[in-house]
Structure formats: structure tokens, C-alpha cells
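J.: Quick one: this structure, given as C-alpha cells, is what I'll be asking you about.
Protein chains: 2
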Amino acid sequence: MSEVYAVRRGLLRDRFAAAGSAAALVSRPANVRYLAGGAPPGAVLLLGPGEDVLLCPRAPAGDPPHGRPDEQLRLTVLPDDDGDPVVAAAGLAGGLHAGSLAVEEHDLTVARHRAMAAAAPRLRLCDLGSTVEQLRLVKDEEEIACLRIAAEITDQALGELLESILVGRTERHLALELERRLVDHGADGPAFATSVGTGPHSGQGRHRPTDRRVEEGDFLSVGLGANYRGYRCEIGRTFVIGTSPADWQIELYDLVFAAQKAGREALVPGAAYRDVDRAARHLLDSAGHSDGLPPSTGHGVGLEIDEDPQLAPTAMGKLDACVPVTVEPGVHLPGRGGVRIDDTLVVRPEADGGPELLTITTKELLAL
Amino acid sequence: MSEVYAVRRGLLRDRFAAAGSAAALVSRPANVRYLAGGAPPGAVLLLGPGEDVLLCPRAPAGDPPHGRPDEQLRLTVLPDDDGDPVVAAAGLAGGLHAGSLAVEEHDLTVARHRAMAAAAPRLRLCDLGSTVEQLRLVKDEEEIACLRIAAEITDQALGELLESILVGRTERHLALELERRLVDHGADGPAFATSVGTGPHSGQGRHRPTDRRVEEGDFLSVGLGANYRGYRCEIGRTFVIGTSPADWQIELYDLVFAAQKAGREALVPGAAYRDVDRAARHLLDSAGHSDGLPPSTGHGVGLEIDEDPQLAPTAMGKLDACVPVTVEPGVHLPGRGGVRIDDTLVVRPEADGGPELLTITTKELLAL
Chain W
8 MSEVYAVRRG LLRDRFAAAG SAAALVSRPA NVRYLAGGAP PGAVLLLGPG
58 EDVLLCPRAP AGDPPHGRPD EQLRLTVLPD DDGDPVVAAA GLAGGLHAGS
108 LAVEEHDLTV ARHRAMAAAA PRLRLCDLGS TVEQLRLVKD EEEIACLRIA
158 AEITDQALGE LLESILVGRT ERHLALELER RLVDHGADGP AFATSVGTGP
208 HSGQGRHRPT DRRVEEGDFL SVGLGANYRG YRCEIGRTFV IGTSPADWQI
258 ELYDLVFAAQ KAGREALVPG AAYRDVDRAA RHLLDSAGHS DGLPPSTGHG
308 VGLEIDEDPQ LAPTAMGKLD ACVPVTVEPG VHLPGRGGVR IDDTLVVRPE
358 ADGGPELLTI TTKELLAL
Chain V
8 MSEVYAVRRG LLRDRFAAAG SAAALVSRPA NVRYLAGGAP PGAVLLLGPG
58 EDVLLCPRAP AGDPPHGRPD EQLRLTVLPD DDGDPVVAAA GLAGGLHAGS
108 LAVEEHDLTV ARHRAMAAAA PRLRLCDLGS TVEQLRLVKD EEEIACLRIA
158 AEITDQALGE LLESILVGRT ERHLALELER RLVDHGADGP AFATSVGTGP
208 HSGQGRHRPT DRRVEEGDFL SVGLGANYRG YRCEIGRTFV IGTSPADWQI
258 ELYDLVFAAQ KAGREALVPG AAYRDVDRAA RHLLDSAGHS DGLPPSTGHG
308 VGLEIDEDPQ LAPTAMGKLD ACVPVTVEPG VHLPGRGGVR IDDTLVVRPE
358 ADGGPELLTI TTKELLAL
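Keeping their order, the protein sequence lines are chains W and V.
For the record, in the first sequence the residue sitting at position 170 is 177 according to the numbering used here, with numbers rising by one throughout.
For the record, in the second sequence the residue sitting at position 15 is 22 according to the numbering used here, with numbers rising by one throughout.
Here it is as C-alpha cells:
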């Protein structure tokens with residue numbers, strides 16, 4: 008596995024060297040983990056001009072939830088109170104006469120950037136931009152295997168919840184129980200804060216659970232995902248509580264289902280991000296639900312739960328094979344609730360069977 | 008309650024006006040919440056030169072875990088995809104010919120700062136520094152009341168756990184159960200990731216729970232806290248599992264207990280931060296445990312779990328009355344485990360009875 012990280016670092020090195028930098032400093036935690044195998048809290052990765060170094064503010068723990076750093080990589084633990092690792096890295100690069108150092112300006116604060124400049128006045132700091140994020144877009148099969156396991160865990164946790172009594176329980180309790188089940192089934196933790204919304208709260212993507220209790224006749228929306236070895240997936244489902252759904256519930260469900268299906272079917276290599284979004288969105292728009300639609304109907308997942316690409320009306324770019332994304336349209340009617348259906352899929356060529364659905368929990372409208 | 012926020016904003020305005028700025032932009036979420044009463048995700052607060060405005064990337068939710076913004080404050084919700092609220096704020100301040108705008112350079116990324124400068128080229132961006140953090144140091148009685156409730160919830164959750172069977176359960180499960188109990192008792196959530204460490208993992212401050220199970224003869228360390236209306240407290244306790252502790256366990260416990268007591272007793276208005284640290288630390292040092300001591304033996308708490316002051320050997324400054332801090336020395340012996348004892352207290356003058364202990368769970372060595 009170690010070679011994988013060395014290869015990734017090599018690719019990054021090619022990019023920043025081509026842009027004229029002798030060295031780069033990676034500080035965004037997901038980027039550090041991608042390149043170093045593990046990102047102990049606060050660790051930053053200095054690539055070149057000398058040996059690659061992972062600078063950590065303290066020694067990594069024995070059983071780390073943030074991954075285990077590649078053993079091929081030099082690991083420097085800074086003494087207590089020895090300040091910020093990015094400043095130490097600037098000092099190191101300055102001492103080696105790197106000339107210029109590419110940094111992640113979208114991650115570093117102005118204050119840290121200034122402290123680096125002060126520590127190495129001869130070093131020219133330039134912007135690495137989102138180079139590492141771009142490398143992270145297309146996943147290798149090892150990464151997809153982690154996402155697949157994360158999705159299996161997620162499906163199991165959700166499946167068990169559906170077998171239990173729901174009426175009378177609060178959104179908070181259901182969310183906590185889902186998170187416990189994720190961990191029971193082997194997740195390192197939830198991929199993001201689990202969302203449970205009942206009745207008027209249903210149908211919203213990131214609703215924070217409240218003390219509202221599930222009632223007969225409610226829509227119940229859940230959004231959850233497992234984090235497995237750093238890789239995060241996402242599922243969203245909406246159910247009805249009680250014997251039989253009302254007509255407006257069936258109608259709204261069928262509409263969102265159709266929109267989500269259209270989005271999933273648009274996931275082919277070469278499809279423009281905005282066209283995937285439009286496929287899902289236009290059905291909701293035509294049905295008069297353009298108000299209150301979320302700004303995107305899907306996004307990439309990986310070491311972060313919300314990473315590139317964005318499937319949104321103004322997004323630029325086209326899907327590649329082996330890019331995992333969510334497709335998650337939803338409609339929320341203020342005061343009444345709504346429906347959201349969300350899957351994690353991997354873009355695959357048609358010759359390989361088309362998009363690979365990772366989250367396989369049924370999307371039939373279940374009455375629980 | 009609304010006046011409180013207006014008064015705080017007035018104090019901040021005095022500070023930045025004295026430093027020569029016509030306007031300030033607060034972006035750090037805890038600072039926004041302190042001044043605005045609520046900090047919807049991504050919201051930033053622009054003070055002056057015109058009316059104060061809370062700029063939000065989307066409409067605040069109905070039942071917000073991040074507080075409810077002061078109704079006296081103008082609230083501007085940016086249209087979808089209308090970019091970064093800090094850029095919108097720079098445009099607003101530039102349009103009002105503010106001249107200069109003080110920003111939180113320790114919070115803003117270089118990329119966001121650059122986008123602000125581009126949006127308002129005539130605006131001079133200067134540094135607000137940690138002015139708001141300084142205002143937050145001394146708490147008013149309303150804030151302390153929130154911390155007191157947070158501590159009560161925390162004590163309840165911990166007390167219930169102690170009544171249950173512990174042997175055979177994993178660190179992860181115990182941590183999840185503690186977090187569920189915090190929420191059951193009215194917390195908005197855990198104040199930080201609950202830490203449970205058994206056997207060789209015990210005695211570490213921020214140990215991340217693993218699948219190790221509690222065994223007879225183990226030390227068991229827990230660290231948890233409730234978040235109540237944004238205010239976060241912290242408790243840490245260490246127990247022994249089984250009938251009777253070993254001699255080394257009693258000895259180590261007594262030592263850490265004495266160190267923690269010394270730290271607590273040093274909490275008087277006017278005491279230097281470093282002297283409080285030294286009071287707790289020197290007992291551990293003299294017993295030969297200087298290796299592996301944490302860099303600080305306590306810190307402030309409030310809207311963030313780890314805020315100023317730092318009780319550390321090189322910290323500068325003196326305690327004021329009404330500053331809540333933790334006192335949390337610990338010793339961890341690699342391979343064997345250790346002891347950590349952590350309380351949240353409020354500094355009070357001796358005339359008022361001395362430090363107010365918020366976390367009242369017993370510190371006797373309990374054999375469970």
C-alpha cells in the first residue's frame with residue numbers, strides 16, 4: 008500500500024515542479040491523508056526540496072482513527088510548544104534554499120501564512136491551489152473498495168433501524184442509534200452528522216435532529232453514512248409512518264424518485280456536471296418545485312463527505328470514470344415536510360455495466 | 008438577552024475604532040455567536056460603518072443548534088451560489104467607503120482574504136487579531152449559568168454510566184453511551200469527542216476510543232462534557248475496574264489527585280497562568296513524571312472547548328474572576344496506563360468562597 012502514497016506524491020511533485028516550485032507544503036487534513044496515508048491531528052506534509060517530511064505537533068497515537076502514516080515517509084514530531092508545523096516547515100524549506108514553496112492558500116489562514124513568511128524571509132510563497140483535490144477526484148480501486156465497505160455498513164445500520172419500532176421516538180434518539188449501529192458494524196465513525204427529520208422536518212438534506220417524535224402519518228427522512236478508513240459515503244431515504252401514505256405523499260415521493268433516477272442514469276463518463284444536475288432538477292422544476300431546491304443535487308465523496316465535483320447548475324467540468332458521487336434531489340414543502348432520496352454511486356463506463364450503486368437499501372416507498 | 012449582544016458589539020466597536028478601523032468583520036464561528044447570539048453555518052458579522060449585518064449563506068433553520076441570532080441585528084441571507092459571505096461583506100464595506108476593515112486573520116484563509124481584497128480594492132484590510140477572544144475571556148453570570156447546566160448534565164451522564172456493568176464493554180460503546188446520555192439530559196450535543204481509555208490507554212487526555220474491552224484490574228479513564236446553548240464544559244475521571252486497586256494504581260492516583268488539587272487551589276484572581284500550571288505540574292515532575300506530561304494542565308472553556316487562557320509553563324497573563332478553566336493534570340505510563348483527573352471550575356475571589364467547582368462527580372478512587 009505504501010507505494011500508492013509514493014506514486015501520489017510523485018504525481019503532485021510533477022505538477023508543482025511544472026508550475027515552477029521546488030517544494031510544496033500540504034496542510035489540508037484530507038490532502039495530507041491522501042498523500043501520506045495518515046494525517047495525525049495538525050500534521051502537515053512538506054514535499055521536497057529534500058526528503059519528504061510529515062511534521063506532526065505530537066507523536067501519532069497507537070490506534071489512529073486518522074490513518075497510519077506511510078512508513079516510507081520521514082516523520083518529525085515537533086517538541087511541545089514548538090509552535091506551528093507550517094512555520095517549522097517553512098524554516099526547513101528556507102534552510103534548504105528551496106527558493107519557492109507552494110502552499111494551500113485555501114487552507115492556510117492569513118496569520119499562519121504571515122508567520123511562515125516571517126520564519127523564512129527568502130522563501131517565495133506561492134499558491135498550490137486545489138492541485139491535490141484534483142488528484143483526489145478519480146479514485147483507484149482500493150479507495151472504491153473502502154467506499155463500498157462504508158456503504159455496506161451504512162445499509163446495515165439503516166436496515167436494522169427499519170426493523171425497530173419508530174413511532175414515539177425522537178429524531179435525536181434515532182440519529183444516535185444509527186450512529187451507534189454504524190460503529191457496531193465497523194465504521195470508524197459517522198461520515199457526517201446523521202440527519203433524521205420527521206413530519207414537517209422531513210425532506211431536508213442536513214436537518215439537525217430535534218426532540219420532535221415520530222408520529223403516525225409522518226414522512227421520516229434519514230441521511231447517514233459511515234466513515235471507513237477515512238472514506239465517507241452517504242445515503243438518504245424517506246419513509247412514511249403508519250398504514251398507508253396519503254395521496255400527496257405518494258405523488259411527491261414518485262416525483263423525487265423519478266428525479267433521482269434521472270440523475271443516476273445521467274452518470275456516464277464524459278457527462279457534464281451541470282447536465283447530471285439538470286437531469287435530476289428539471290423534473291422537480293417542471294412540477295413547480297423550483298423554489299427551495301438545494302443549490303446542488305449531488306457531489307463527490309471520498310476522504311471528505313463533500314468534495315469535488317459539485318453537480319450544480321453552474322458547475323464546470325465533466326465526469327470521469329471511477330468518480331464516486333451522490334445523487335440526492337429532494338423537495339421540502341414548508342410546514343408539511345418532504346422527500347429526499349440520496350445514493351452514493353461510482354461513475355463507470357456502460358461497457359462495465361454503467362454507474363455502480365454502492366448504497367443498495369431499497370428506494371420503494373416503505374410504510375413503516 | 009438581546010441587549011447583551013448589543014453591549015458586546017459596542018465594546019468591540021470601541022476597540023477597533025481605537026485602533027483606527029471604521030468597520031470590522033468577524034468570521035470565527037464562536038466569535039460570531041458571542042456577538043450575534045447565533046452563528047448559522049457560514050455566517051459572518053459585519054460591524055459598521057453602517058448598520059451591523061449578519062450575512063448568512065442560507066436562511067437559519069427553525070430549531071438551530073447554533074443559537075438564534077439577536078433579533079435587533081439585520082440579517083442578510085445571500086442568494087444561492089452568491090459566493091462567500093466574507094466577499095459580500097467586503098463589497099458592502101467598500102461600497103460604504105469604510106476606508107479600512109479589520110478582519111480575523113487567524114480565521115480567514117489566504118484565498119478568502121485575497122477574494123475580499125479583489126472585491127473591494129479601495130478597502131484597506133487590517134488585522135482584528137484576537138480582540139473578540141479577549142472579550143470572551145471573562146464570562147458574565149448568564150454564561151456561567153449555561154456552563155453550570157452543562158456541568159450538571161455531564162455529571163448526570165457520568166453518574167449513570169458508573170451504575171452500569173462495565174467489564175467486557177468496548178471503549179467505543181462506552182463513549183457512545185455517554186454521548187447518548189448527555190443528549191438525554193438536555194445537552195445540545197457533546198462538547199467534544201468523548202474519550203474513553205481502558206488499561207494501557209488510560210490516563211491520556213484525548214484518547215480516541217477503540218474496540219478494546221474493559222478488563223478486571225484496568226484503569227478506566229473517561230473525558231466528556233456537554234454542550235449547552237453553545238457553552239462547553241469538561242470532566243475527566245479515572246476509575247479502577249474490579250475488587251481492589253493494585254499498589255501502583257493507588258500510588259499513581261494519589262499523586263495525580265494531589266497535583267490536581269494543588270492546581271485547583273491555585274485558582275485565585277490575580278494568579279499567573281503559569282503559576283497555576285506549575286502548582287499542578289511540580290508534584291508530577293518531582294515524582295519523576297516530567298516525560299509525557301501534556302503541554303498544558305488546563306485551559307479556558309466557554310463557546311469553545313479549548314479557549315484562552317492556557318495554563319501552561321510559558322503562558323503569559325493572570326487569571327481574572329469569572330474565568331472558567333479546566334484543571335486536568337494526568338500521567339500516562341506507556342504500556343501500563345495512567346490517571347487523569349479533570350474539572351471545570353470558575354475563578355472566584357476568596358471572599359466569594361474561592362473557585363467554584365462546576366463538575367462535582369466524586370474524585371475518590373472508585374473501584375467499579
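We put the CB at the ideal spot given by N, CA and C, even for glycine.
Name the chain V residues whose beta carbon is nearer than 9 Å to that of W:H113?
T.: Among the residues of chain V, those whose CB is under 9 Å from the CB of W:H113 are T116, V117, A118 and R119, following chain order.
J.: Could you tell me how far apart the beta carbons of V:E111 and V:L135 are, in whole angstroms, since I believe they sit closer than 8 Å?
T.: Your pair V:E111 and V:L135 checks out as a contact, with CB atoms roughly 5 Å apart and the cut at 8 Å.
J.: How should W:H104 be labelled, buried or exposed, when 16 other C-beta atoms within 10 angstroms of its C-beta is the threshold for buried?
T.: exposed
J.: List the residues of chain C whose Cβ lies closer than 8 Å to the Cβ of V:L183, in chain order.
T.: No chain C appears in the structure shown, which is made up of the protein chains W and V.
J.: Tell me whether W:Q317 is buried or exposed, calling it buried when 16 or more other Cβ atoms sit within 10 Å of its Cβ.
T.: buried
J.: Please tell me whether W:P72 has its Cβ less than 8 Å away from any Cβ of chain V.
T.: Interface residue, yes.
J.: Rounded C-beta distance between V:Y327 and V:V354? I'm assuming under 8 Å.
T.: What sits at residue 327 of chain V in the sequence shown is Asp, not Tyr. 7 Å between Cβ atoms; contact.
J.: With DSSP run on the structure shown, which of helix, strand or coil describes W:Q163?
T.: helix
J.: Would you say W:R281 faces chain V, with C-beta separation under 8 Å as the test?
T.: no
J.: Between W:L274, W:L62 and W:Q211, which lies nearest to W:V94 when the distance is taken from Cα to Cα?
T.: W:L62
J.: Could you please tell me which residues of the region 34-59 of chain W, in chain order, have their CB closer than 8 Å to any CB of chain V?
T.: none
J.: Cα-Cα, which of W:G45, W:G106, W:D91 and W:G49 is closest to W:E78?
T.: W:G45
J.: Could you have a look at V:P356 and say whether DSSP puts it in helix, strand or coil?
T.: DSSP places V:P356 in coil when its eight states are reduced to three.
J.: Give me, in chain order, the residues of the same chain whose beta-carbon lies closer than 6 Å to that of W:R22; leave out the 5 immediate sequence neighbours on both sides.
T.: T138
J.: Please tell me whether V:A286 and V:G270 are closer than 8 Å, where the distance is taken between their beta carbons.
T.: yes
J.: Taking 7 Å as the line, does the beta carbon of W:G17 fall inside it for any heavy atom of the ligand PLP?
T.: Ligands are entirely absent from the displayed structure, and the ligand PLP is therefore not among its contents.
J.: Just how far apart, CA to CA, sit V:L274 and V:E363?
T.: 10 Å
J.: Taking 8 Å as the threshold, find out whether the region 117-132 of chain W comes into contact with the region 147-156 of chain W through three or more Cβ pairs.
T.: No, because fewer than three Cβ pairs between the region 117-132 of chain W and the region 147-156 of chain W fall closer than 8 Å, the two stretches do not touch.
J.: Between which two residues does the beta strand (DSSP E) carrying V:L291 extend?
T.: Segment Y280 to S293 is the alpha helix (DSSP H) holding V:L291; no beta strand (DSSP E) there.
J.: Can you tell me the Cβ-Cβ gap for V:A319 and V:S303, rounded? I've got them flagged as a contact below 8 Å.
T.: 4 Å
J.: Sorted by chain position, which residues of the same chain lie with C-beta nearer than 6 Å to W:Q163's C-beta, five sequence neighbours on each side aside?
T.: So the qualifying residues of the chain are H192.
J.: Rank V:L18, V:A157, V:L189 and V:R179 by C-alpha distance to the C-alpha of V:E167 and give the top, closest one.
T.: V:L189
J.: At what residues does the beta strand (DSSP E) containing V:G230 begin and finish?
T.: Start and end: F226 to L231.
J.: Can you name the start and end residues of the beta strand (DSSP E) that V:L61 belongs to?
T.: V60 to C63
J.: Please go through the same chain and pick out, in chain order, the residues whose beta-carbon is closer than 6 Å to the beta-carbon of W:N38, but skip the five residues on each side of it.
T.: V139
J.: Going by the CB atoms, is the gap between W:I156 and W:Y235 shorter than 8 Å?
T.: yes
J.: W:H306 to W:V330, Cα distance in whole Å?
T.: The C-alpha of W:H306 lies about 10 Å from the C-alpha of W:V330.
J.: Ignoring anything shorter than 4 residues or poking outside the region 189-276 of chain W, list the alpha helix (DSSP H) runs there in chain order.
T.: 254-272
J.: Using beta carbons (cut-off 8 Å, strictly below), is V:R179 in contact with chain W?
T.: yes
J.: Return the chain-ordered list of same chain residues with a C-beta closer than 7 Å to the C-beta of V:P276, the five sequence neighbours on each side being excluded.
T.: L326, D327, A328, V354 and P356
J.: Taking V:P207 as the reference, which of V:A30, V:Q256 and V:A194 has the closest Cα?
T.: If we check each option's Cα against that of V:P207, V:Q256 comes out closest.
J.: Measure the C-alpha to C-alpha separation of V:H182 and V:T245 and round it to an integer number of angstroms.
T.: Position check: residue 182 of chain V holds Ala in this sequence, whereas His was assumed. Going from the Cα of V:A182 to the Cα of V:T245 covers about 14 Å.
J.: In chain order, what residues of the same chain lie with their CB nearer than 7 Å to the CB of W:G299, ignoring the 5 residues before and after it?
T.: Excluding positions up to five away in sequence, the list reads H339.
J.: Any idea which residues DSSP pairs V:L82 with across the strands?
T.: Note: V:L82 sits in a beta bridge opposite V:L61.
J.: Going by C-alpha to C-alpha distance, which of W:P86, W:L80, W:G57 and W:L115 sits closest to W:G101?
T.: W:G57
J.: Can you tell me the Cα-Cα spacing of V:V33 and W:S202, whole angstroms?
T.: 29 Å
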